[in-house]
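To start, the structure under review is shown below, and the notes come after it.
Following this line, the structure appears as structure tokens:
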């Protein structure tokens, strides 16, 4: 039954992906700017460049920008389905290669943030629910409020100033691959991880706390307690498992967000992930890369949501039968 | 002009930092082959090139090298090297990085305005400047170990001139050069289209003609991940798109081994990030630091760092769209010109750091002398502006003043306020760069601030902005100003063979542009700073925002760490 459900959900993602592909392709076409000029190195504001008609025409043909838009879309989609997201007009290499080269850095950062965020969120969320209106609950609320109302870039700058500039403990920018130097990898990833984890945790704590409090009022909890189960068993075996249903959904969204949404943080830390790439590509009007990265992030979001659905079905068998 | 006065004049040009265009009318020689300075007349003449050539290793250099060599410099760049392709340059940073490390031109323009020998030791025109002969430096090795010869120069130039290769320098080179031939292994002859006295200055730009080995790229090849071998002091090593470019020392560099082992050009897009990384010494050199950061360093709030402004990195002017209904009327343009007080603009938008100028020429140069003589500055004069506006066809229509987001915002606010004060109805539009460029390209604007750059000759620079034909190529002449007489003068300028004639022609051209009132110049703003750790020595820059190239002296080639 779970397999059928998984296949059905997988098939349902196809129209979603198709619509996303049309939107992404169209939106990028609507972005002002001339792909040919970008490829020719025209910098617009500052240089009185002389670009000849011949060179411009040659580049137009090479990029195929004069072809009918539906043809451009079909060609682009056909290539995308084969894993070819086109060639970056700016870097003149395949977009997929650029994305894949930067994907590990983003995945490491996302995973580290999720792990740290979860380690903060679950104990704190559960403790806040169990110890309502005590200092633990107030602390959890404080963390949530701080995380929600404080802009990530400000937290990042403060951390850089404190741990990088004044204390000199951690680097302020960059990335080292773990296989090259694991200690340096940890040092480089620490500050951006803290910023993202704080944001992630503040989101998740709220859901865990609210859901946990609701579950604690359920009949099955009263029954468990009436059976004489220890409070620890009641909390972690019964309430926690059931409260995870809502949390998994939130986690799914947040993981998707982390995989593609840490643009500001990656930029501030000059962290070579795909979000920083996206930002640079937008600034440089590298349309093919923008298109590629956005579709890639969209795929990640769809995939993570799909995984969350499957996990949800695993946790709650009723979902499979509906 | 007598021989004596001419020689004195040439020296004064060197000091003033503008000799490049003038040297372009004559041949120049490197220190290896000193040639006497002579009259800049219609016949081929020879000026001694400014500064010393880097060729050869000075006495005591070996010991000095042992003492200084080693270390990795991490350079915080504001922009990236977008491609290691030798013939594609997408930004000034891209060009500076390549030029300061692995690629070299035949000759180059120094910070003092003179042309310097690099891969060519001398360059000689024929009587009517329709042929230029370049004598190449012998014994120069590419990074692949192969010696550079005429064949490589010819291949590189032909690669640029083939439109199918979409090389950056095609627009400059192709219209000027008819053919290229090898005279011998170390001599190349460029046969020009007519007289081209300014040819050397045009190819002194690395983005026009870098020299790489024969067949180092396939015809039409654009997908490049590894830089083609060059002849520079550093070899291309690694390129990570939107992240970093790494170069390593080239021990067989013709100018002598560089000191640094390796340079990493690390993209740190945020100016705050570059400043912080400099403070923590994670990077040792950074470009485009903010005036606020520089001010703190200058005030002693931040120690162990040195800063220096790039005084010719940002030229600012305001252009009128003469095709627009409002500014089609020259009286309205004149009123707006007097409404704009560029000192206020410099103070309000650029922290008061800069120099007011009325053309894209360096202060104190003979070009400026010509400019001041022909075209007195139109200072801000609100009363005069109001009077002119009242007498003009302007009836209160909104003026579309477009500026780019970021540095354009304070410029737009300042201009907007000044124009409103005299009665203009200003519709200020702060736009993303793509939209900004598109509106300029399509003419959907009335007024817009623009940048500019000094390429060594204001007329050659202007030729890329004002020609009638460029109004069709929307990205070149965005004012839409078209004057066939001006076009003829620019065309004729390329064939002028005497300095006096060139200066006179510049005066006429500048007057036409001045009378047409299509631009209000502000001048240079000094808001981009280099900063480096105080244990880093030997860094020099030319002031235009780039890094001094090896043969001129200093620069990254001669940077070293002091223990």
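Chains as they are written, first to last, in our numbering: chain A, 1 to 322; chain B, 1001 to 1563.
Quick reminder that beta carbons are idealized off the backbone N, C-alpha and C, glycines included.
Integer Cβ distance of residue i from residue j, believed to fall under 8 Å
i: residue 1254 of chain B; j: residue 1068 of chain B; result: Residue 1254 of chain B to residue 1068 of chain B, Cβ: 19 Å. No contact.
i: residue 1336 of chain B; j: residue 1447 of chain B; result: 7 Å
i: residue 1410 of chain B; j: residue 1353 of chain B; result: That pair is no contact at about 13 Å.
i: residue 1430 of chain B; j: residue 1412 of chain B; result: 6 Å
i: residue 84 of chain A; j: residue 94 of chain A; result: 7 Å
i: residue 258 of chain A; j: residue 312 of chain A; result: Residue 258 of chain A to residue 312 of chain A, Cβ: 19 Å. No contact.
Closest residue to residue i among the options (Cα-Cα distance)
i: residue 1266 of chain B; options: B:1436, B:1244, B:1281; result: B:1244
i: residue 1303 of chain B; options: B:1311, B:1294, B:1118, B:1309; result: B:1294
i: residue 1348 of chain B; options: B:1365, B:1408, B:1364; result: B:1408
i: residue 141 of chain A; options: A:228, A:198, A:113; result: A:198
i: residue 192 of chain A; options: A:117, A:304, A:58; result: A:117
i: residue 1193 of chain B; options: B:1131, B:1182, B:1557, B:1086; result: B:1131
i: residue 208 of chain A; options: A:169, A:122, A:317; result: A:122
i: residue 1277 of chain B; options: A:184, A:151, A:160; result: A:160
i: residue 1566 of chain B; options: B:1183, B:1098, B:1314, B:1093; result: In the structure as shown, chain B begins at 1001 and stops at 1563. Residue 1566 of chain B is therefore absent and cannot be evaluated.
i: residue 1438 of chain B; options: A:31, A:158, A:9, A:269; result: A:31
i: residue 302 of chain A; options: A:4, A:10, A:5; result: A:10
i: residue 237 of chain A; options: A:249, A:58, A:224, A:247; result: A:224
Beta-carbon proximity of residue i to residue j, cut-off 9 Å
i: residue 1084 of chain B; j: residue 1225 of chain B; result: yes
i: residue 1468 of chain B; j: residue 1491 of chain B; result: no
i: residue 86 of chain A; j: residue 273 of chain A; result: no
i: residue 1285 of chain B; j: residue 1074 of chain B; result: yes
i: residue 1158 of chain B; j: residue 1178 of chain B; result: no
i: residue 1203 of chain B; j: residue 1283 of chain B; result: no
i: residue 1213 of chain B; j: residue 1200 of chain B; result: no
i: residue 54 of chain A; j: residue 1174 of chain B; result: yes
i: residue 102 of chain A; j: residue 1222 of chain B; result: no
i: residue 1187 of chain B; j: residue 1150 of chain B; result: yes
i: residue 1542 of chain B; j: residue 1095 of chain B; result: no
i: residue 1382 of chain B; j: residue 1422 of chain B; result: yes
i: residue 1129 of chain B; j: residue 1479 of chain B; result: no
i: residue 129 of chain A; j: residue 264 of chain A; result: no
i: residue 1537 of chain B; j: residue 1559 of chain B; result: yes
i: residue 323 of chain A; j: residue 172 of chain A; result: Lying outside 1 to 322, the shown extent of chain A, residue 323 of chain A is not represented and no answer is given.
Cross-strand partners of residue i (DSSP beta bridge)
i: residue 1180 of chain B; result: B:1190
i: residue 1539 of chain B; result: The partner list for residue 1539 of chain B (beta bridge, DSSP) is empty, contrary to what the question assumes.
i: residue 1231 of chain B; result: None, per the DSSP bridge assignment.
i: residue 1318 of chain B; result: B:1449, B:1520
i: residue 1309 of chain B; result: B:1529
i: residue 1295 of chain B; result: Paired residues: none, contrary to the question.
i: residue 1196 of chain B; result: DSSP lists no partner for residue 1196 of chain B.
i: residue 1249 of chain B; result: B:1234
9 Å Cβ cutoff, residue i in contact with chain B
i: residue 58 of chain A; result: yes
i: residue 133 of chain A; result: no
i: residue 98 of chain A; result: yes
i: residue 25 of chain A; result: no
i: residue 317 of chain A; result: no
i: residue 34 of chain A; result: yes
i: residue 37 of chain A; result: yes
i: residue 192 of chain A; result: no
i: residue 291 of chain A; result: no
i: residue 189 of chain A; result: no
i: residue 47 of chain A; result: Low confidence applies to residue 47 of chain A: its pLDDT is 40, below 50, so where it sits in the model is not reliable, and the reading given next is rough at best. So, interface residue.
C-beta neighbour in chain A for residue i, strict 9 Å
i: residue 1358 of chain B; result: no
i: residue 1200 of chain B; result: no
i: residue 1402 of chain B; result: no
i: residue 1209 of chain B; result: no
i: residue 1321 of chain B; result: no
i: residue 1088 of chain B; result: yes
i: residue 1219 of chain B; result: no
i: residue 1396 of chain B; result: no
i: residue 1438 of chain B; result: yes
i: residue 1054 of chain B; result: Because residue 1054 of chain B sits at a pLDDT of 44, beneath the cut-off of 50, its placement in the model cannot be relied upon, and the following sentence gives the value as read from the coordinates. Judged by the 9 Å Cβ criterion, residue 1054 of chain B is not in contact with chain A.
i: residue 1543 of chain B; result: no
i: residue 1279 of chain B; result: yes
i: residue 1020 of chain B; result: With a pLDDT of only 38 at residue 1020 of chain B, under the threshold of 50, the placement of this residue in the model should not be trusted; the figure read from the coordinates follows. No, residue 1020 of chain B lies away from the interface with chain A (no Cβ there is under 9 Å from its Cβ).
i: residue 1559 of chain B; result: no
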